[in-house]
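The structure under discussion appears below in the form of structure tokens.
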Amino acid sequence: MQEMALVQFNLNTYIINITKTMQTNIWKESIQGYEWPDQLRNIMVKDEIVPRFNKEDLLRLAFNSSEESYFVLTFLSIEYFELGLLWVQQAIQAGVKRFAVAAVDIVTAEKLHKLKIPHFIIELHHIILEKSSENNPGGFNGKAMALINSRTQIIKFLLESGVNVLSCDIDAIIIKNPMPVLENSNEIAFQRVVYFPKPLARIWGFTACCGFVAFRTSAEVVSLLNRVINIQKIVSSDQLALNLALMEYNVEWALNRNLFESDEMLTTEFKSIASKSIYGRLPKTEISLEALPATTFWRHKFVSLDRNSIIVLHPNSPKSLQGKLDIFNEYLQ
4 MQEMALVQFN LNTYIINITK TMQTNIWKES IQGYEWPDQL RNIMVKDEIV
54 PRFNKEDLLR LAFNSSEESY FVLTFLSIEY FELGLLWVQQ AIQAGVKRFA
104 VAAVDIVTAE KLHKLKIPHF IIELHHIILE KSSENNPGGF NGKAMALINS
154 RTQIIKFLLE SGVNVLSCDI DAIIIKNPMP VLENSNEIAF QRVVYFPKPL
204 ARIWGFTACC GFVAFRTSAE VVSLLNRVIN IQKIVSSDQL ALNLALMEYN
254 VEWALNRNLF ESDEMLTTEF KSIASKSIYG RLPKTEISLE ALPATTFWRH
304 KFVSLDRNSI IVLHPNSPKS LQGKLDIFNE YLQ
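Residues 4 to 336 (my numbering) are what the sequence shown spells out, left to right.
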């Protein structure tokens, strides 16, 4: 990859000039292994593959309370039900009042109903379930990939309906209410990570994690998500799609960035500024971004963990339910 020029556009803020050729190379490297199978990709590009859900039920949940500026949304399947109960318990304990669980199967919805946990049911599109016979490199099976594909579309629907949305993975446990941190003018705020997609992490020094991301409603944010959804017709990861969309929008970060040639350089830099927010903007839009502090919105073990200041605990963990529960039993003692 050729050397990138850093151009200062105001005090302490730089943009990285990524040429179209570089964008193409980054795109090709990033999507390897994450492309939908040919037969499924052809269907997805031609047709609108959308999840089925009761829009009135969802909006009733979203507007049930005005105490908090964001509606917190998490997605749950029966395979992770016990983890889902932990997520709900911790969110309530943290003082989160405006939330709902998207149940992606009937059994999960029935169990949530009995426990009187706010929820609605999504019918995942059968095409993805039927045509995704192999896990993607992230370890996600067909059901998980169908859930991920649905998530962005549901977030977009809520934003179009005037709802600010905080999307949270079921294994991103809320320890303290994040609302005070999110009460700012940034249209998008997210947990930042270092490993995926790696080609962009080597340029920016981090990437956006879709396991914890907050969107403020606006026409421009909806337009960005439309692009993310279109990229998701090609790849099975919403995190990959979001970061590629930010690259296409020529995102500018308020940091002096160089190309990180090794993982060691990347993690060293990530750790050195882990306690600070990183701010960004999308040129020719009013969209501002915040990569939240990696110490309080915690993901990577190489970043020090202060249990007194942690807001979201989202450790890297195995894909199995028991593996995740074991990790949280360790951290939540």
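Here a beta-carbon is modelled for each residue, glycine too, at the ideal position from N, C-alpha and C.
- Task: Thinking Ala297 and His303 are a contact (beta carbons under 8 Å), I'd like their distance in whole angstroms, please.
- Result: About 7 Å separates the beta carbons of Ala297 and His303, which is inside the 8 Å limit, making them a contact pair.
- How should Pro40 be labelled, buried or exposed, when 16 other C-beta atoms within 10 angstroms of its C-beta is the threshold for buried? A residue is called buried once 16 or more other Cβ atoms fall within 10 Å of its Cβ, and Pro40, having fewer, is exposed.
- Item | Start and end residues, alpha helix (DSSP H) containing Ala222 | Where Ala222 is concerned, the enclosing alpha helix (DSSP H) starts and stops at Ala222 to Ile234.
- Message: Checking 8 Å against the spacing of the C-beta atoms, do Ala248 and Ile234 come in under that value?
- Response: Between Ala248 and Ile234, the C-beta spacing is below 8 Å.
- Item | CA-to-CA distance, Glu70 to Ala175, given in whole angstroms | Spanning the two alpha carbons is a distance of roughly 22 Å.
- Task: Evaluate contact between the stretch 303-319 and the stretch 271-286, counting only Cβ atoms and requiring at least three cross-stretch pairs below 8 Å.
- Result: Flag = yes, the stretch 303-319 and the stretch 271-286 touch.
- Message: Tell me which residue opens and which closes the alpha helix (DSSP H) that Leu169 is part of.
- Response: It is not in any alpha helix (DSSP H) - Leu169 instead sits in the beta strand (DSSP E) that spans Val168 to Cys171.
- Item | Residue range of the alpha helix (DSSP H) that includes Gln325 | Gln325: member of the alpha helix (DSSP H) spanning Leu324 to Tyr334, first to last residue.
- Output the boundary residues of the alpha helix (DSSP H) element that contains Gln35. It is not in any alpha helix (DSSP H) - Gln35 carries neither H nor E in the DSSP assignment.
- Query: For Asn259, is the classification buried or exposed, using 16 other Cβ atoms within 10 angstroms of its Cβ as the cut-off for buried?
  - Reply: It is exposed - the Cβ of Asn259 has fewer than 16 other Cβ atoms within 10 Å.
- Task: Specify, as a first and last residue, the run of the alpha helix (DSSP H) that Val197 falls within.
- Result: It is not in any alpha helix (DSSP H) - Val197 carries neither H nor E in the DSSP assignment.
- Between Tyr37 and the rest of its own chain, which residues show a CB-CB distance below 6 Å, the 5 nearest in sequence each way excluded? Answer for Tyr37: Asn139, Val238, Ser239, Ser240 and Leu243, listed in chain order.
- Message: With a threshold of 8 Å, are at least 3 pairs of Cβ atoms found where one atom belongs to the stretch 323-330 and the other to the stretch 184-201?
- Response: No, the stretch 323-330 is not in contact with the stretch 184-201.
- Using beta-carbon positions only, say whether Glu190 and Ser153 come within less than 8 Å of one another. Against a cut-off of 8 Å, the Cβ pair of Ser153 and Glu190 comes out as no contact.
- Task: Identify which residue in Met47, Leu127 and Leu118 has its Cα closest to the Cα of Leu88.
- Result: For Leu88, the nearest C-alpha among the options comes from Leu118.
- Task: Go ahead and pull the three-state DSSP assignment for His129.
- Result: For His129, the secondary structure class from DSSP, reduced to helix, strand or coil, is helix.
- Query: So what's Arg101 in DSSP terms, helix, strand or just coil?
  - Reply: Of the three classes helix, strand and coil, the one that applies to Arg101 here is coil, per DSSP.
- Bridge-paired residues (DSSP) for Glu289: Per DSSP, Glu289 has no beta-bridge partner at all.
- Task: With a threshold of 16 other CB atoms inside 10 Å of the CB of Asn13, please say whether the residue is buried or exposed.
- Result: In this predicted model, Asn13 has a pLDDT of only 43, less than 50, meaning its place in the structure is not dependable; the value taken from the coordinates is given anyway. Asn13 comes out exposed.
- Message: Pairs of beta-carbons, one from the stretch 154-162 and one from the stretch 80-96, closer than 8 Å: are there three or more?
- Response: Cβ pair count under 8 Å is below three, so no.
- Using CA coordinates, which residue listed in Lys179, Ile206 and Val216 is at the minimum distance from Asp172? Ranking Lys179, Ile206 and Val216 by Cα distance to Asp172 puts Val216 first.
- Query: Could you give the C-beta distance for Met182 and Tyr73, rounded to a whole number, given that I count them as a contact under 8 Å?
  - Reply: That belief holds up - the Cβ atoms of Met182 and Tyr73 are roughly 7 Å apart, short of 8 Å.
- Taking Val166 as the reference, which of Trp90, His128, Asn67 and Tyr282 has the closest Cα? The alpha carbon of Val166 has as its nearest neighbour, out of Trp90, His128, Asn67 and Tyr282, the alpha carbon of Asn67.
- Task: Provide the residue span of the beta strand (DSSP E) that contains Thr77, from first to last.
- Result: Residue range Phe74 to Leu79 is occupied by the beta strand (DSSP E) that includes Thr77.
- Task: Pull up the distance between the alpha-carbon of Ala106 and that of Tyr282, whole angstroms please.
- Result: Rounded to the nearest angstrom, the two C-alpha atoms are 33 Å apart.
- Message: Starting from Ile109, trace the alpha helix (DSSP H) in both directions and tell me its first and last residue.
- Response: Residues Ile109 to Lys117.
- Beta-carbon separation of Val104 and His122 under 8 Å? Yes, the Cβ-Cβ distance between Val104 and His122 is below 8 Å.
- Message: Would Ile81 and Asp108 be called neighbours here (beta carbons separated by less than 8 Å)?
- Response: Here Ile81 is near Asp108, since their CB atoms are less than 8 Å apart.
- Message: I need the straight-line Cα distance from Ile177 to Val48, nearest angstrom please.
- Response: One C-alpha to the other measures close to 36 Å.
- Exposure of Pro54, with buried meaning 16 or more beta-carbon neighbours within 10 Å: Residue environment: Pro54 is assigned as buried (16 or more neighbouring CB atoms within 10 Å of its CB, all protein chains considered).
- Query: Distance, Cα to Cα, Trp256 vs Ser226?
  - Reply: When rounded, the distance between both Cα atoms is 20 Å.
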